[in-house]
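Trainee: Following this message is one structure expressed as structure tokens.
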Amino acid sequence: MTLILPLSDPCCFNMQELASATEHRANVSRILLSRSGTDHLSTADLELKASPLFVHLSHGLALTTGSALGSIPPTIDQCLSTYQISNTVGLTVGARAWTKHAHRSQELHPSDVSKTSAGQLGWWGRAQGSKSQLNEQSLILFWKIVNAVTWRNLHWLPHQVLVYEIRVKEGYGMRWSQDRSSLKEGEDVNERGEDERPWVFRGFVEPMIENGHEVGWRHRLTFPSASSSTSNTVEFAHPSHQT
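Residue 210 in this note's numbering is what sits at position 208 of the sequence shown, and the numbering runs on without skipping anything.
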């Protein structure tokens, strides 16, 4: 993913960075924009440039209490290749995840669910059709999210599982994971210092809501207005944690 300098602050519904994130990001941007090498940098700048925090922010990631500093996110090509892996019945991993997830942007009471002018149900659309149609539509969904990303982060799950998460402004998104428990640090790193352990598509994510697990992550719908490209978003309660 191409970064535009100076780095901009990530934004996402119900997600919040650390209070110091904007200041740290400005310092990282200033160092990245410098074209005179490191000779003119202050001791503080040199220390920042050598830190895991610099690695994290220089990749355009959000800075939260749960951020995995010093790790490098997968490329778009890596994300796409794992998303497009086919299973035994001919569905891609992404399409299979979509068929299991699409209902989560329905209302708790189906009779109250509205439909868009295109006849799609909820933010995720309607997962139906032949295998080839599902694969094709899920690929469109992949690019819908990637091309509108406003929030990207790396964080840890238990048992040394690194998670890469991307979200659009409304909070919808996708996750990938990388198991780092199998090998010791540095044993699976290429000559460029990049970790070559495989990334796995983990699934789609919903906007953060306080009682998400209790309601199965179902919530009010967010639709584009018929006369406007902006979405009508219903406020949710603030989450109890951030990633």
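Yeah, the Cβ is synthetic: ideal placement off N, Cα and C, and Gly gets one too.
Quick check on DSSP: helix, strand or coil for L35?
Mentor: In the sequence shown, residue 35 corresponds to position 33, counting from 1. Note: L35 maps to helix in three-state DSSP.
Trainee: If you draw a straight line from the C-alpha of F56 to the C-alpha of W145, how long is it?
Mentor: For the purposes of this step, residue 56 is identified with residue 54 of the sequence shown, where counting begins at 1. For the purposes of this step, residue 145 is identified with residue 143 of the sequence shown, where counting begins at 1. Going by the C-alpha atoms only, they are around 28 Å apart.
Trainee: So H58 is in the beta strand (DSSP E); what residue range does that whole segment cover?
Mentor: Numbered from its first residue, the sequence shown carries residue 58 at position 56. It is not in any beta strand (DSSP E) - H58 instead sits in the alpha helix (DSSP H) that spans P54 to S60.
Trainee: Would you check if there are 3 or more beta carbon pairs closer than 8 Å linking the stretch 42 to 58 to the stretch 97 to 105?
Mentor: no
Trainee: Exposed or buried, what is I142 when buried is set at 16 or more other beta-carbons lying within 10 Å of its beta-carbon?
Mentor: The residue you call residue 142 lines up with position 140 of the sequence shown. Per the 10 Å Cβ criterion, exposed.
Trainee: I'd like to know whether the C-beta atoms of I147 and M176 end up nearer to each other than 8 Å.
Mentor: By 1-based counting over the sequence shown, the position of residue 147 is 145. By 1-based counting over the sequence shown, the position of residue 176 is 174. Result yes, Cβ atoms of I147 and M176 sit closer than 8 Å.
Trainee: Buried or exposed, going by whether 16 or more other CB atoms sit within 10 Å of the CB of H1?
Mentor: Residue coverage of the chain in this structure runs from 3 to 245, which leaves residue 1 outside it and unanswerable.
Trainee: To the nearest angstrom, how far is it from the Cα of F206 to the Cα of Y174?
Mentor: To locate residue 206, count along the sequence shown from 1; it is residue 204. To locate residue 174, count along the sequence shown from 1; it is residue 172. The straight-line gap from Cα to Cα measures roughly 8 Å.
Trainee: Taking CB distances under 8 Å as the criterion, tell me whether S10 reaches chain C.
Mentor: Given the protein chain composition of this structure (a single chain), no chain C is represented.
Trainee: Please determine, among V163, W125 and S132, the residue with the shortest C-alpha to C-alpha distance to E172.
Mentor: In the sequence shown, counting from the first residue as 1, residue 172 sits at position 170. When C-alpha distances from E172 are compared across V163, W125 and S132, the shortest belongs to W125.
Trainee: Report the three-state DSSP secondary structure of T90 (helix, strand or coil).
Mentor: Here residue 90 refers to the residue found at position 88 when the sequence shown is read from its first residue. Three-state DSSP puts T90 in coil, outside helix and strand.
Trainee: Based on DSSP bridge pairs, tell me the residues matched to F206.
Mentor: The residue labelled residue 206 in the question sits at position 204 within the sequence shown. Beta-bridge partners of F206 (DSSP): M176.
Trainee: I168 by DSSP, collapsed to three states: which one?
Mentor: As a working note, residue 168 is residue 166 in the sequence shown. Strand, per DSSP.
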